[in-house]
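Residue numbers (the working numbering), protein chains in the order written: chain A, 6 to 404; chain B, 12 to 304; chain C, 2 to 306.
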Amino acid sequence: MRTVVELDGVRVEYGELVAVRDLSLSVRDGELFCLLGPSGCGKTTTLRTIAGFESPDTGQVVLDGRTVTSLAPYARDCATVFQDWALFPNKTVIENVAFGQKMAGVGKAKRRDQARDHLKTVEMGDYEDTRPAELSGGQKQRIALARALAVDPDVLLLDEPLSNLDKRLRETMQLEIKDIQERLNTPMVYVTHDQEEAFTLADRIGVMNNGRLMQVGDPETVYDDPVDEFVESFLGNSNFLSGRVVGSGADRRDTARRAVTVEFPGVGAQIQIATESGLTPGDDLTASVRPEIVELSPSPGETPTSPDGGTQEGTAERRADVEPDTTNRMALTGAVSDVVYRGSSIRYQVDIDTGEGAELSVERSVTRAPDLSTGDRVQLSWDTAAVYYFGPDGARVRA
Amino acid sequence: MSEGPPTRADGAGETVESGPTPTAGSRFGRVAVGTWLFRAGVGTVFAFLLAPIVIVAVTSFGDSMVLSLPPETFSTRWYESFLDSSRWQRATRNSLIAAVGTTVLATVAGTTAALGVRNLGGRAEGAVLGLAVLPLLVPGVVLGSSLLVFLGEFGLQQTYLAVIAAHSLWATPLAFSVVRASLSRFDPRLREAALDLGASPTRAFVEVVAPNIRSGLFAAALIAFVVSLQEFVMTLFVSGRDTRTIPVLAWNSLRNSLDPVVSVVSTLLVLVVVLAVVVGSLVVGLERLAADT
Amino acid sequence: MSDVDTAGGMRRVRSVLQAASGGISRTKLLLVPLLLFDLLVFVAPMGYLLRISLAERSVGGGALQRGTWSLDGYQYLSDSSVVTTVFTWTMLFAVVATLLAVGIGTLYAYAAWRASGATRTVLLAGVVMSMFTTLVVKVFAARVMLSPEGVVNDTLLAAGVLDSSLLLVNNEIGVLIGQLYVVLPYTVLAVYSVLTGLDESLVEAANDLGATPVRAVREVVLPHAVPGMAVGGVIAFAWSAGAFAAPLLLGSTSERTVAVEVQSLLGQFNYPAAAALAVVLTTVVLVVLTLGIVLLRRRGGLRDV
């Protein structure tokens with residue numbers, strides 16, 4: 006598979022501030038690559054470096070086999086769709102779209118014809134002679150896309166092009182962009198801070214934080230197998246429990262393997278994790294308990310609540326603490342502190358009884374949601390093997 | 012009510028009366044009088060500012076040789092006198108030559124500098140700004156006489172070049188700041204988009220930047236033109252008999268006698284200025300014009 | 002497709018060449034016209050003037066007696082009592098004119114800022130037109146207005162405020178008024194342009210919190226206006242110190258300013274003295290201005306003057 010964009014050890018500094026550090030990535034032909042990360046993580050700077058608006062202090066930018074690091078934007082074969090679209094207000098729509106070809110010296114009739122084709126691709130064929138000021142946000146976005154496609158770029162660069170649109174329009178446009186990309190097979194590098202958007206669009210995702218590329222992979226892999234605590238926290242809502250390693254030694258179940266004992270003061274529990282990671286007592290360990298692995302059920306107990314409705318999953322009474330060497334399930338009790346109705350789903354906040362009384366949240370779709378209200382007593386349990394663990398430096402600890 | 016008077020962040024308190032008190036009537040009365048006094052004052056200043064224009068226009072229609080206000084009879088003889096006078100016609104021509112030259116020079120220098128300054132860092136930008144603006148602060152007499160002796164060394168004194176140079180000393184900083192203000196309202200992404208699509212920096216300027224700062228460029232040119240037309244002190248020093256502009260000739264006429272043709276000239280000059288301001292406001296908007304200069 | 006390719010290829014070659022020269026030198030190129038202009042028309046002549054002030058009086062021909070070095074020019078300044086008196090008077094005049102111009106200008110700018118729609122347009126138009134009206138017209142009209150037979154006196158006499166006409170020309174008052182004509186538009190605009198950055202609702206908020214209108218202005222508007230007042234003051238002082246037309250036309254011989262004196266010296270072909278006086282004037286003005294700016298910057302709120 007041909008590589009269209011390659012960044013090699015790129016570092017971009019603004020005076021004291023390092024925006025991008027030691028970044029290497031490659032984008033393959035025909036793929037839609039998303040750069041995902043929070044504001045200030047350097048994703049836009051990376052994009053601009055590919056486009057030529059930023060010059061890396063070290064490292065190389067290679068487009069389609071040519072090293073373009075020192076070339077100006079107009080010498081590179083890529084085109085950008087800007088966040089606020091940057092349509093030329095003094096030109097009509099068709100003049101905007103034909104601009105690139107005009108700069109390349111293509112004759113007027115020919116470039117207007119080509120521009121019309123591109124307008125048709127984005128379904129804006131009727132707006133040839135309108136001025137950008139008369140268009141809506143979604144329409145401007147399409148024109149910006151057409152304008153960039155019109156120069157037949159090796160790679161299309163998109164800088165959060167949909168972030169100025171309302172949600173429904175955004176979702177429609179996402180699908181349209183994806184559709185266009187698949188039809189034309191133009192490689193795209195798409196910058197966004199919206200995890201859902203990245204998952205909808207991307208063939209591959211690169212998660213960035215603080216100027217660094219944390220992980221690259223297709224959406225499923227990145228979601229199922231995060232390599233870093235940051236990636237885990239950015240990609241979804243999870244319950245994070247901080248813990249401390251209190252002992253290490255042989256795994257009680259299989260003495261050939263090593264394991265560590267970890268205490269989680271937030272919920273007052275202590276478990277054993279089999280891992281070869283070399284953690285020692287005193288190290289910090291963070292556990293990510295994804296809401297989807299948590300089983301939630303009302304607990305028959307001191308204060309009975311109306312038993313109507315809701316599914317009851319597991320009624321066996323369990324103690325708060327888990328025997329370190331018996332089951333692989335963590336079981337906790339607590340009281341519902343908040344029930345948040347979110348349209349198609351309900352989120353429950355539960356205050357745990359034991360330990361420091363951490364608050365965990367579980368989300369259920371409305372049809373599966375147990376009938377609980379604030380103050381109800383509940384039981385939470387999950388399979389400890391389905392939990393993601395991260396060591397002191399944020400790196401994933403595999404159990 | 013029991014919290015006491017509101018205090019400012021630095022601790023200085025203010026005693027404020029809340030609600031009607033026995034003295035409220037007189038206080039509000041005082042305020043009302045104060046407001047009217049204020050308004051009257053501003054009105055007077057306004058009248059004061061416009062008075063020269065009115066006076067000059069009125070006296071230009073007088074009939075006698077004596078400049079009096081109001082004139083006894085109404086006549087246009089001084090306008091005819093002006094049109095017949097070769098002195099004044101030459102002065103008009105000189106003024107126009109100087110104005111056009113200044114406009115071109117100031118607008119070009121001001122625009123290129125405004126474009127260039129954008130990319131500079133803080134300190135360098137400050138230095139360029141300072142240098143650009145400095146001539147405005149040096150007394151006109153000093154600038155005029157320095158140009159006079161300097162250009163005299165090269166035999167260039169009293170030439171059109173000298174006059175244009177002198178006028179541009181004033182017009183360029185103004186053009187520079189107007190274009191700069193206009194550029195600051197220009198979205199830099201537009202230029203980036205042009206570059207991204209293959210335009211060289213020059214073409215990007217021509218196709219995208221210039222058309223969108225058109226009003227700023229126009230305002231700059233207009234200001235340069237008007238500044239040149241009415242510049243007096245420096246021109247007095249650097250111009251000669253053949254190159255003197257209208258203000259200089261007017262001044263000389265005034266020193267010698269109160270020639271009513273001066274009123275005519277002044278009125279016409281004022282008309283040109285009014286026209287320019289009106290046109291400028293239509294293009295750019297009066298408030299912006301005022302704010303940019 | 003083929004001509005797009007070749008066009009693209011050509012573009013690339015050209016672009017590589019252009020891009021190689023880099024962005025910074027392009028900036029420098031853009032600054033050349035202005036800097037060259039300033040160098041030739043401002044820096045060089047001023048330097049030349051300085052040189053003349055340090056030379057001997059020329060005999061025939063040009064202004065500079067080449068090769069000579071002397072302090073005759075400055076000597077003349079310190080010897081001549083006329084010069085010292087004139088200088089002192091000019092400085093005092095400049096201070097008074099500046100204070101008045103800034104004071105009145107601020108009030109006017111405030112009024113324009115608070116006014117809405119038509120009133121504001123009218124007030125601003127008056128200022129802008131006055132600014133672009135030539136000095137000669139203003140001063141000449143001032144003379145007509147203020148002379149014993151002029152409008153001002155006529156109105157005041159008719160209104161019964163005066164018994165006999167006020168002497169408003171050929172004295173300091175006339176010169177002051179004339180000078181105000183020159184600088185007032187600039188002080189107004191300087192303050193106005195900073196005020197436009199202030200949200201009017203802040204004054205209302207202050208009123209709402211219990212401040213009297215005057216107090217509200219003092220606490221909210223004035224601090225914001227200070228940078229504009231500083232700029233206006235700078236301009237007013239610079240021009241008043243170098244005042245030329247107003248003193249000549251509206252004052253008597255006892256109201257000579259430095260600028261007038263310079264012209265007189267030039268007329269006598271005493272170039273070193275004229276140059277020396279010009280240099281001293283410029284230096285004093287620049288020093289005062291720099292001090293003013295530094296002081297204000299220290300007190301904060303002065304971003305770009």
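Quick reminder that beta carbons are idealized off the backbone N, C-alpha and C, glycines included.
Since this is a predicted model, take the numbers as computed values, not measurements.
Worksheet item: With DSSP run on the structure shown, which of helix, strand or coil describes ALA103(A)?
Response: Here residue 103(A) corresponds to residue number 98 of the first sequence, with the count starting at 1. Coil, per DSSP.
Practice prompt. Determine whether the Cβ of LEU108(A) lies closer than 8 Å to any Cβ atom of chain B.
Written response: The sequence position of residue 108(A) within the first sequence is 103, counting from 1. As written in the sequence, residue 108(A) is Met, which differs from the Leu given in the question. At least one chain B Cβ lies under 8 Å of MET108(A).
Worksheet item: Hey, out of VAL299(A), THR266(A), GLN200(A), whose CA is closest to ASN244(A)'s CA?
Response: Counted from its first residue, the first sequence places residue 244(A) at position 239. Comparing Cα-Cα distances from ASN244(A) to each of VAL299(A), THR266(A), GLN200(A), the minimum goes to VAL299(A).
Worksheet item: So, helix, strand or coil for GLN169(B), using DSSP?
Response: As a position in the second sequence, residue 169(B) is number 158, starting the count at 1. Coil at GLN169(B), not helix or strand.
Item to complete: Say whether chain A places a C-beta atom closer than 8 Å to the C-beta of ASP95(B).
Response: Numbered from 1 along the second sequence, position 84 holds the residue referred to as residue 95(B). By this cut-off, ASP95(B) is not an interface position.
Worksheet item: Since MET335(A) contacts THR291(A) with CB under 8 Å, what's their CB separation in whole angstroms?
Response: Locating residue 335(A) in the first sequence gives position 330, counting from the first residue. Locating residue 291(A) in the first sequence gives position 286, counting from the first residue. Their Cβ separation, rounded to whole angstroms, is 15 Å, which puts MET335(A) and THR291(A) out of contact at 8 Å.
Practice prompt. Provide the residue span of the beta strand (DSSP E) that contains ILE276(A), from first to last.
Written response: As a first step, residue 276(A) must be located in the first sequence, where it is residue number 271. Taken as a continuous stretch (DSSP letters only), the beta strand (DSSP E) holding ILE276(A) covers 274–279.
Discussion item. Spatial neighbours of TRP387(A) within its chain, please: C-beta separation below 8 Å, excluding the five flanking residues on both sides.
Written reply: Your numbering for residue 387(A) matches position 382 in the first sequence. Cβ within range, chain order: VAL294, ILE298, VAL299, GLU300, ARG334, MET335.
Fill in: Rounded C-alpha distance that separates TYR346(A) from LEU196(C)
Translated into the one-based positions of the first sequence, residue 346(A) becomes position 341. Translated into the one-based positions of the third sequence, residue 196(C) becomes position 195. Taking the straight line from one Cα to the other gives about 49 Å.
Discussion item. Is the beta carbon of TYR353(A) closer than 8 Å to that of LEU377(A)?
Written reply: For the purposes of this step, residue 377(A) is taken as the residue at position 372 of the first sequence. For the purposes of this step, residue 353(A) is taken as the residue at position 348 of the first sequence. A contact, by the Cβ cut-off of 8 Å.
Worksheet item: Since ALA261(B) and PRO34(C) are thought to touch, with beta carbons under 8 Å apart, how far apart are those beta carbons, to the nearest angstrom?
Response: In the second sequence, residue 261(B) corresponds to position 250, counting from 1. In the third sequence, residue 34(C) corresponds to position 33, counting from 1. Incorrect: roughly 32 Å between the Cβ atoms, too far for contact.
Discussion item. Going by DSSP, what residue range makes up the beta strand (DSSP E) through ILE224(B)?
Written reply: Against the second sequence, residue 224(B) aligns to sequence position 213. Looking at the DSSP string, ILE224(B) is not in any beta strand (DSSP E), and its letter there is neither H nor E.
Discussion item. For a minimum of 3 consecutive residues, which ranges assigned as the beta strand (DSSP E) are wholly contained in the segment 195–277 of chain B?
Written reply: none
Discussion item. Which of the three DSSP states is assigned to VAL299(A) in this structure?
Written reply: For the purposes of this step, residue 299(A) is taken as the residue at position 294 of the first sequence. Here VAL299(A) sits in coil by DSSP.
Worksheet entry | Short-range partners of chain A found in the segment 122–150 of chain B, where Cβ spacing is below 7 Å | none
Discussion item. As a quick exercise: from SER304(A), VAL9(A), THR51(A), GLU11(A), pick the residue whose alpha carbon is nearest that of VAL17(A).
Written reply: Along the first sequence, read from residue 1 onward, the residue named residue 17(A) stands at position 12. The residue with the shortest Cα to Cα distance from VAL17(A) is THR51(A).
Item to complete: Tell me whether the beta-carbon of ALA56(A) lies closer than 8 Å to the beta-carbon of PRO94(A).
Response: Translated into the one-based positions of the first sequence, residue 56(A) becomes position 51. Translated into the one-based positions of the first sequence, residue 94(A) becomes position 89. It is not a contact, given that the beta carbons lie outside the stated cut-off.
Worksheet item: Shortest alpha-carbon distance to ALA231(B) belongs to which of THR170(B), ARG104(B), PRO199(B), SER188(B)?
Response: On the second sequence, residue 231(B) is found 220 positions in, with the first residue counted as 1. That would be SER188(B), whose Cα lies nearest to the Cα of ALA231(B).
Worksheet item: Would you say PHE197(B) reaches chain C, if we count a Cβ-Cβ gap shorter than 8 Å as a contact?
Response: Counting from one through the second sequence, the residue named residue 197(B) turns up at place 186. Answer no: the Cβ-Cβ gap between PHE197(B) and chain C never drops below 8 Å.
Worksheet item: Along the segment 31–56 of chain C, what residues have a CB closer than 7 Å to any CB found in chain B?
Response: LEU31, LEU32, PRO34, LEU35, PHE38, ASP39, VAL42, PHE43, ALA45, PRO46, MET47, TYR49, LEU50, ILE53
Practice prompt. Find out if the Cβ-Cβ distance for the pair GLY380(A), VAL355(A) is shorter than 8 Å.
Written response: Indexing the first sequence from 1 puts residue 380(A) at position 375. Indexing the first sequence from 1 puts residue 355(A) at position 350. For GLY380(A) and VAL355(A), no; Cβs fall outside 8 Å.
Practice prompt. Compare the C-beta of VAL184(C) against all C-beta atoms of chain B and say whether one is closer than 8 Å.
Written response: As a position in the third sequence, residue 184(C) is number 183, starting the count at 1. With 8 Å as the cut-off, VAL184(C) does not count as an interface residue toward chain B.
Fill in: CB contact check: TRP47(B) to chain C, cutoff 8 Å
For this step, residue 47(B) is matched to residue 36 along the second sequence. Taking Cβ atoms only, chain C never reaches closer than 8 Å to TRP47(B), which makes this a no.
Worksheet item: For ASN214(A), which of helix, strand or coil comes out of DSSP?
Response: Within the first sequence, numbered from 1, the residue matching residue 214(A) stands at position 209. Residue state, collapsed to three classes: strand.
Worksheet item: Looking at the structure shown, is ASP356(A) part of a helix, part of a strand, or coil, going by DSSP?
Response: If you number the first sequence from 1, residue 356(A) lands on position 351. If DSSP states are grouped into helix, strand and coil, ASP356(A) belongs with the strands.
Item to complete: Decide if the segment 246–253 of chain B is in contact with the segment 172–181 of chain B; the criterion is three or more beta carbon pairs, one per stretch, under 8 Å apart.
Response: yes
Practice prompt. Pair every Cβ in the segment 238–250 of chain C with every Cβ in the segment 94–106 of chain C, then say whether three or more of these pairs are closer than 8 Å.
Written response: yes
Discussion item. Could you give the first and the last residue of the continuous beta strand (DSSP E) run that contains LEU22(A)?
Written reply: Within the first sequence, residue 22(A) is the residue found at index 17, counting from 1. First-last of the beta strand (DSSP E) with LEU22(A): 22–33.
Practice prompt. Kindly confirm or deny that the segment 55–75 of chain A and the segment 8–27 of chain A touch, where touching means at least three C-beta pairs closer than 8 Å.
Written response: yes
Worksheet item: According to a CB-to-CB cut-off of less than 7 Å, which residues of the segment 81–110 of chain A neighbour chain B?
Response: ALA84, THR85, PHE87, ASP89, ALA91, PHE93, PRO94, ASN95, PHE104, GLY105, MET108, ALA109
Fill in: GLN269(C): first and last residue of the uninterrupted alpha helix (DSSP H) it sits in
Indexing the third sequence from 1 puts residue 269(C) at position 268. That residue, GLN269(C), is in no alpha helix (DSSP H); it is neither H nor E in DSSP.
Worksheet entry | Cβ neighbour criterion (16 or more within 10 Å) applied to PRO199(B) | Indexing the second sequence from 1 puts residue 199(B) at position 188. Exposed.
Worksheet item: Are the C-beta of PRO78(A) and some C-beta of chain B separated by less than 8 Å?
Response: Translated into positions along the first sequence, residue 78(A) becomes position 73. Interface residue, yes.
Worksheet item: Just checking my contact of VAL283(B) with LEU240(B) at CB under 8 Å: how many whole Å lie between their CB atoms?
Response: As a working mapping, residue 283(B) is identified with position 272 in the second sequence. As a working mapping, residue 240(B) is identified with position 229 in the second sequence. At roughly 7 Å, the Cβ-Cβ gap stays under 8 Å, so VAL283(B) and LEU240(B) are in contact.
Practice prompt. Report the rounded CA-to-CA distance for LEU140(A) versus ALA153(A), giving the unit in angstroms.
Written response: Locating residue 140(A) in the first sequence gives position 135, counting from the first residue. Locating residue 153(A) in the first sequence gives position 148, counting from the first residue. Those two C-alpha atoms are separated by around 18 Å.
Discussion item. Tell me the residue span of the alpha helix (DSSP H) that contains TRP250(C).
Written reply: On the third sequence, position 249 is the one that residue 250(C) refers to. Position check: residue 250(C) holds Leu in this sequence, whereas Trp was assumed. Unbroken alpha helix (DSSP H) run through LEU250(C): 246–251.
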